[in-house]
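J.:
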Amino acid sequence: MALNILREIIRKEAGILTDFFNLFEEMRDSVIRSDKPEIIDEIIYKIEKKSEEIEKLDSERNEVTEKLCEENSVNNSIKDFIEFLAKNDSDTAIELAGMIQKINDLAILIDTVREVIGFQENYNNFLFKIVNIDKTGKTTYSRKGYNSTFNDSNGWRG
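Per numbering that gives the first Met the number 0, residue 0 is the first one in the sequence shown, and the count goes up by one each step.
#1: With distance defined between alpha-carbon atoms, name the residue in ARG27, ILE9 and LEU84 nearest to LEU108.
#2: Which residues mark the beginning and the end of the alpha helix (DSSP H) in which ASN159 is found?
#3: If ILE31 and VAL130 are in contact, beta carbons under 8 Å, what's the gap, nearest whole angstrom?
#4: Where does LEU126 land, buried or exposed, given buried means 16+ other C-beta within 10 angstroms?
#5: Using the three-state DSSP reduction, which class does ASN61 fall into: helix, strand or coil?
#6: Quick one: using the 10 Å Cβ neighbour count with 16 as the cut-off for buried, is ILE43 buried or exposed?
#7: Determine the contact status of ILE46 and PHE23, defining contact as a CB-CB distance below 9 Å.
#8: When the Cα atoms are used, what is the spatial distance from MET98 to PHE19?
#9: Assign ASN71 to one of three DSSP states: helix, strand, or coil.
#10: Could you spell out the range, first to last residue, of the alpha helix (DSSP H) harbouring LYS11?
What follows is the structure in structure tokens.
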């Protein structure tokens, strides 16, 4: 009975992880397209709501796992519990392995989103610096793209 409940919780968590994956892909694409902040804020809000859902499921899974460990005299460690599942309910073990794979895929995607956001931030800072007008009112580069403070009378120096 408890193994069936655990399997169902793991399936729900895996579904939410798929939703997370889709939302982070959407965020990555929005950042790349330089969408309006309102669009990205909406995606972040959806991620926050999914986080609340998975937090509840995680708590339920922990309770069921602790109960199964107590009832079956299994140490409450991931290694021992996976060995227990492999021996007693291979379907749940497979579901758990699938969920772990989704977590790994999501972690890679989150790193990619972080890199895209970092690149976009550096790119925006670069553009700002390149056309920055300081207190003198002069830009770093002229409208033709030349460095306005560079003296090229000596020619190209390679």
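Cβ coordinates follow ideal geometry from the N, Cα and C atoms, glycine included. Since the model is a prediction, treat every value here as computed from it, not as a measurement.
T.: So, to answer that:
#1: ARG27
#2: Lying outside 0 to 157, the shown extent of the chain, residue 159 is not represented and no answer is given.
#3: Contact flag wrong, Cβ pair sits at about 22 Å.
#4: exposed
#5: helix
#6: exposed
#7: yes
#8: 12 Å
#9: coil
#10: 1-32
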